[in-house]
Amino acid sequence: MIRILFIGDIIGRPGRKAVQKELPHLLAERKPDVVVANCENLAHGFGITADTIAEMTTAGIHCFTSGNHIFDKKEARTLLEDRPYVLRPMNYPPEVPGNGFITISLPENRSVTVVSMLGRAFMPPVDCPFRSMDRFLESKETDIVLVDFHGEATAEKAAFAHEFDGKVAAVIGTHTHVQTADERILPHGTAFLTDAGMTGAVNSVIGVEKDAAIRRMRTGINEHLTPAKGKYWFCGCDIRIEENGNTFIDRIMIISK
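All letters in the sequence shown, in the order written, are residues 559 to 815 by the working numbering.
Right, dumping it as structure tokens:
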């Protein structure tokens, strides 16, 4: 059996602190082979830095997926070139720094490939995620493939999951920061969750300070948004792939006291 723990979008320092507090218990209880997290909001809510990535790898995360905010910090280009376990979306143009997937070797000649993919609905222009996945599967390195589909539209995520049902082990949606309660195994065996949710402050607007978010929406004037503080959600899912190919998925939502 291979077990993968996936953590939804980690929002700034509050999200990182939530990981540091909750992940040790989950590692002891669920004993995952691989821990994957979406990192695009890791550094003060927007993008990544060397320090925040190091902080989360020390906490126990093996691999990072991302999305449309991955290049918000200038140092992201260097980080993506130097750290193959930090992924940018696979369907960015090929000249963009970094990689869209990584294959992680495990004991007993096992491996897991993690793919980061970006949706196109209500998003900046990128290459077609369906065609990008087609090309990847023609030369994939392992039978166990997990895809983080970072997208705004639930329909786009569901369509992608059904299109590649039976061809990948799991499709986990990210980006909205709101966990959906629709975890399931699709007809041909792929585990699917429309959105894993976020790891960040509960009393917020999808992880950021609510007052600033409200002012921005009322006035139409862009205002700097910062991660909210206080009580947190730790959201994600636990995926298990048995030797016979059967797949299981459990949704995780931990709310701090």
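For glycine and all other residues, C-beta sits at the position ideal for the given N, C-alpha and C.
Residue j and residue i - do their beta-carbons sit closer together than 7 Å?
i: Phe-750; j: Ala-719; result: yes
i: Leu-676; j: Gly-625; result: yes
i: Tyr-650; j: Cys-621; result: no
i: Gly-566; j: Thr-805; result: no
i: Leu-704; j: Ile-562; result: yes
i: Ala-576; j: Phe-792; result: yes
i: Ile-730; j: Asp-706; result: yes
i: Gly-658; j: Ser-674; result: yes
Take the Cβ of residue i as the centre, count every other Cβ of all protein chains shown within 10 Å, and call the residue buried at 16 or more, exposed below.
i: Thr-636; result: exposed
i: Phe-874; result: With the chain running from 559 to 815 in the structure shown, residue 874 is simply not present.
i: Asp-753; result: buried
i: Lys-715; result: buried
i: Phe-680; result: exposed
i: Leu-584; result: buried
Output the boundary residues of the beta strand (DSSP E) element that contains residue i.
i: Met-675; result: 668-676
i: Thr-610; result: Segment 608-617 is the alpha helix (DSSP H) holding Thr-610; no beta strand (DSSP E) there.
i: Asn-805; result: Note that residue 805 is Thr in the sequence shown, not Asn. Residues 805-813.
How far does the alpha helix (DSSP H) with residue i in it reach, from first residue to last?
i: Asp-769; result: 768-777
i: Asp-640; result: 634-640
i: Gly-570; result: 570-588
- Query: Taking one C-beta from the region 657-671 and one from the region 769-781 each time, how about it: are there three or more such pairs within less than 8 Å?
  - Reply: no
- In chain order, each beta strand (DSSP E) run of at least 3 residues that lies wholly inside the region 686-717: 703-708
- Message: Using a Cβ distance threshold of 8 Å, determine whether the region 704-712 contacts the region 730-743, with at least three qualifying pairs required.
- Response: yes
- Task: Say whether the region 773-789 touches the region 584-597, bearing in mind that this needs 3 or more beta-carbon pairs closer than 8 Å, one atom from each stretch.
- Result: Verdict: no, contact absent.
- Given 8 Å, three or more beta-carbon pairs between the region 759-769 and the region 737-745: no
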